[in-house]
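Student: In the working numbering, the protein residues as written are 2 to 74. Take this structure, written in structure tokens, and hold onto it; I'll ask about it next.
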């Protein structure tokens with residue numbers, strides 16, 4: 002059974018978009034951390050959020066790069 006390359010690309014895009022939508026839902030729940038109360042200052046959590054944002058932009062760049070590769074081919 003041969004899988005079309007277009008099907009692979011569509012599956013990959015759907016996978017990335019589903020993953021990014023879940024990440025954005027998680028980020029919306031972190032609005033509580035904007036409070037300036039001292040007991041909410043968990044720097045390890047802030048670092049984890051920064052890593053999450055970094056991963057989002059890495060995934061977006063992969064999608065962008067795949068789009069450029071399709072245009073070149």
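Where is the CB? At the ideal position from N, CA and C, for every residue including glycine.
Give the DSSP-derived three-state secondary structure of residue 43 in the structure shown.
Tutor: Walking along the chain shown from the start, residue 43 turns up at place 42. Looking at residue 43 - three-state DSSP - the assignment turns out to be coil, as it is neither helix nor strand.
Student: Do residue 57 and residue 14 have their C-beta atoms closer together than 8 Å?
Tutor: Counting from 1 along the chain shown, the entry for residue 57 is found at position 56. Counting from 1 along the chain shown, the entry for residue 14 is found at position 13. No; because the gap between Cβ atoms is not below 8 Å, this pair is not in contact.
Student: Check whether the Cβ atoms of residue 24 and residue 61 lie closer than 8 Å to each other.
Tutor: In the chain shown, residue 24 corresponds to position 23, counting from 1. In the chain shown, residue 61 corresponds to position 60, counting from 1. No, the Cβ-Cβ distance between residue 24 and residue 61 is not below 8 Å.
Student: Report the option in 45, 43, 55 whose CA atom is closest to the CA atom of residue 21.
Tutor: Position 20 of the chain shown holds residue 21. That would be 55, whose Cα lies nearest to the Cα of residue 21.
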